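Participant: Numbering (numbering that gives the first Met the number 0), first residue to last: 0 to 263. Mind looking over this structure? Questions follow.
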Amino acid sequence: MSIPRQRGLTEQAATAAIDQACRMLRLPTIRSQFPELAETAGREQMSYLGFLSELLLAECDDRARRRSERRIKAAGFPRDKSLRKFDFDANSNIDPAMVHTLAKCEWIKKGLPLCLIGDSGTGKSHLLIALGTEAAMAGYRVKYVLATKLVNELVEAADEKQLTKTIARYGRVDLLCIDELGYMELDRRGAELLFQVLTEREEKNSVAIASNESFSGWTKTFTDPRLCAAIVDRLTFGGNIIETGTDSYRLATTRARAEQQAVS
Numbered sequence: 000m001s002i003p004r005q006r007g008l009t010e011q012a013a014t015a016a017i018d019q020a021c022r023m024l025r026l027p028t029i030r031s032q033f034p035e036l037a038e039t040a041g042r043e044q045m046s047y048l049g050f051l052s053e054l055l056l057a058e059c060d061d062r063a064r065r066r067s068e069r070r071i072k073a074a075g076f077p078r079d080k081s082l083r084k085f086d087f088d089a090n091s092n093i094d095p096a097m098v099h100t101l102a103k104c105e106w107i108k109k110g111l112p113l114c115l116i117g118d119s120g121t122g123k124s125h126l127l128i129a130l131g132t133e134a135a136m137a138g139y140r141v142k143y144v145l146a147t148k149l150v151n152e153l154v155e156a157a158d159e160k161q162l163t164k165t166i167a168r169y170g171r172v173d174l175l176c177i178d179e180l181g182y183m184e185l186d187r188r189g190a191e192l193l194f195q196v197l198t199e200r201e202e203k204n205s206v207a208i209a210s211n212e213s214f215s216g217w218t219k220t221f222t223d224p225r226l227c228a229a230i231v232d233r234l235t236f237g238g239n240i241i242e243t244g245t246d247s248y249r250l251a252t253t254r255a256r257a258e259q260q261a262v263s
């Protein structure tokens, strides 16, 4: 299908032609914004090239935004968490400079691991999701999963003889975020399957984990000492470790709210 072309189009006809062309070329942002941009261009006396660049840059920016949104959705984060909303003042154990350096994603580019270790309510999951979101926005493929869900999926895949495919799928993402590692004891089979995923990703693609147990307590989750040591090695070699401490932000917030209500 071609669009009839002729000189001396009325403004209404030109607008209709642009709308049709944008539909054919799949340029939704230019289609929605060109009237406003054209008005601005006329008011500011832009050159033809300047106006064209504004149109194309608007389309490029919007496409980049939509790609980021798709990557964030594909990551499977359970809730929206950002670094902008993280209260660094509430937890002095966390170095804001280190976190914002991690947000630049150089560690993901190098395939390095990240461990967030601390008690419940200290901000581990918030940081895990927020840094994963930053990675998705930077163009990396990210997947978030609870440790128990991942192990259960691996066990089911092994039973259905789909283990190789499942491990490969988790191996392809640039950043694998594993939350709540250490909350439940894993049997030897589950631990070995998780180890296979970590081995598949070693020194190639990054893994970020959040755990409520210090490394010395991981023997409660991984009961085989050798396997536990190997997993700790995979998750720490060359990577970053952030210890979020023991003071629960949620608990402190609840107590402060209760005190305020008691005073009032």
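Here a beta-carbon is modelled for each residue, glycine too, at the ideal position from N, C-alpha and C. Keep in mind the model is a prediction, meaning the values are calculated, not measured.
1. Taking the alpha-carbon positions, what's the PRO27 to GLY75 distance?
2. With a threshold of 6 Å on Cβ separation, who are the neighbours of GLY170 within its own chain once the five nearest residues in sequence on each side are excluded?
3. Alpha carbon to alpha carbon, how far is GLY244 from LYS164? Give it in angstroms, no decimals.
4. Closest to PHE221 by C-alpha separation, out of ALA156, ALA146, GLU242, LYS142, would be which residue?
5. Under 8 Å, with one C-beta from each stretch per pair, do the region 219-239 and the region 136-144 reach the 3-pair mark?
6. Would you report the Cα separation of LYS103 and LYS109, rounded to the nearest angstrom?
7. Measure from the alpha carbon of ARG66 to the alpha carbon of each residue in GLU202, ASP186, VAL141, then state which is nearest.
8. If we require 4 or more residues per run, which alpha helix (DSSP H) segments fall completely within the region 141-187?
9. Taking the alpha-carbon positions, what's the ALA63 to THR218 distance?
10. How is the beta strand (DSSP E) around GLY41 delimited, first residue to last?
11. In whole angstroms, what is the alpha-carbon distance linking LYS72 and THR9?
12. Please confirm whether LEU56 and ASN239 have their CB atoms less than 8 Å apart.
13. Which residue from VAL98, ASP118, GLU159, TRP106 puts its Cα closest to that of ALA129?
14. Buried or exposed: where does SER315 fall if 16 or more other Cβ atoms within 10 Å of its Cβ makes it buried?
15. Flag this pair as touching only if the region 77-94 and the region 151-158 have three or more C-beta atom pairs under 8 Å; answer yes or no.
16. How big is the Cα-Cα spacing for GLY216 and LEU54?
17. Can you look up GLU133 in the DSSP assignment and give me helix, strand or coil?
18. Am I right that ASN211 and ASP173 are in contact with their C-beta atoms under 8 Å? What's the rounded C-beta distance?
19. Taking just the CA atoms, how far does LEU197 sit from ARG233?
20. Mind checking who SER119 pairs with in its DSSP beta bridge?
21. Buried or exposed: ARG188, going by 16 or more other Cβ atoms within 10 Å of its Cβ?
22. Would you check if the distance between the CB atom of VAL206 and the CB atom of LEU175 is smaller than 8 Å?
23. Looking only at its own chain, which residues have a Cβ that is under 7 Å from the Cβ of SER213, when we skip the five neighbours before and after it?
24. I'd like the span of the beta strand (DSSP E) that includes GLU242, first residue to last.
Facilitator: Considering the structure as presented:
1. Counting from 1 along the sequence shown, the entry for residue 27 is found at position 28. Counting from 1 along the sequence shown, the entry for residue 75 is found at position 76. CA-to-CA, the gap between PRO27 and GLY75 works out to about 27 Å.
2. Locating residue 170 in the sequence shown gives position 171, counting from the first residue. Closer than 6 Å at Cβ, skipping near neighbours: GLU199, ARG200.
3. The count along the sequence shown starts at 1 and reaches residue 164 at position 165. The count along the sequence shown starts at 1 and reaches residue 244 at position 245. Cα-Cα distance, rounded: 38 Å.
4. Stepping through the sequence shown from its first residue, residue 221 is reached at position 222. Relative to the Cα of PHE221, the nearest Cα in the group ALA156, ALA146, GLU242, LYS142 belongs to ALA146.
5. Too few Cβ pairs lie closer than 8 Å, so no.
6. In the sequence shown, residue 103 corresponds to position 104, counting from 1. In the sequence shown, residue 109 corresponds to position 110, counting from 1. Roughly 12 Å separates the two Cα atoms.
7. In the sequence shown, residue 66 corresponds to position 67, counting from 1. Of the residues GLU202, ASP186, VAL141, the one whose Cα lies closest to the Cα of ARG66 is VAL141.
8. If only complete runs of 4 or more residues are kept, the region 141-187 shows the alpha helix (DSSP H) at 146-158, 162-171, in order along the chain.
9. The residue given as residue 63 occupies position 64 in the sequence shown. The residue given as residue 218 occupies position 219 in the sequence shown. The alpha-carbon atoms of ALA63 and THR218 are separated by roughly 44 Å.
10. Against the sequence shown, residue 41 aligns to sequence position 42. It is not in any beta strand (DSSP E) - GLY41 instead sits in the alpha helix (DSSP H) that spans 27-42.
11. Locating residue 72 in the sequence shown gives position 73, where the first residue counts as 1. Locating residue 9 in the sequence shown gives position 10, where the first residue counts as 1. Looking at the two C-alpha atoms, the distance is approximately 43 Å.
12. Residue numbering aside, residue 56 sits at position 57 when the sequence shown is read from its first letter. Residue numbering aside, residue 239 sits at position 240 when the sequence shown is read from its first letter. Against a cut-off of 8 Å, the Cβ pair of ASN239 and LEU56 comes out as no contact.
13. Mapped onto the sequence shown, residue 129 falls at position 130. Ranked by how close their Cα comes to the Cα of ALA129, the residues VAL98, ASP118, GLU159, TRP106 have VAL98 in first place.
14. Absent from the model: residue 315. The displayed extent of the chain is 0 to 263, so no value can be given.
15. Pairwise C-beta distances place the region 77-94 out of contact with the region 151-158, as fewer than three of them are shorter than 8 Å.
16. If you number the sequence shown from 1, residue 216 lands on position 217. If you number the sequence shown from 1, residue 54 lands on position 55. For GLY216 and LEU54, the distance between alpha carbons rounds to 57 Å.
17. The residue you call residue 133 lines up with position 134 of the sequence shown. Residue state, collapsed to three classes: helix.
18. Sequence index remark: in the sequence shown, residue 211 carries index 212 (1-based). Sequence index remark: in the sequence shown, residue 173 carries index 174 (1-based). Their Cβ separation, rounded to whole angstroms, is 26 Å, which puts ASN211 and ASP173 out of contact at 8 Å.
19. As a working note, residue 233 is residue 234 in the sequence shown. As a working note, residue 197 is residue 198 in the sequence shown. The alpha-carbon atoms of ARG233 and LEU197 are separated by roughly 7 Å.
20. Locating residue 119 in the sequence shown gives position 120, where the first residue counts as 1. SER119 pairs with nothing; no bridge assigned.
21. Along the sequence shown, one-based indexing puts residue 188 at 189. By the 10 Å Cβ count, ARG188 comes out exposed.
22. Taking the sequence shown and counting its residues from 1, the one referred to as residue 206 is at position 207. Taking the sequence shown and counting its residues from 1, the one referred to as residue 175 is at position 176. In this structure, LEU175 lies closer than 8 Å to VAL206 by Cβ.
23. The residue you call residue 213 lines up with position 214 of the sequence shown. The beta carbon of SER213 sits closer than 7 Å to those of ILE116, all from its chain and outside the five residues before and after it, given in chain order.
24. Working through the sequence shown from its first residue, we reach residue 242 at position 243. Boundaries of the beta strand (DSSP E) harbouring GLU242: 239-244, taken from the DSSP string.
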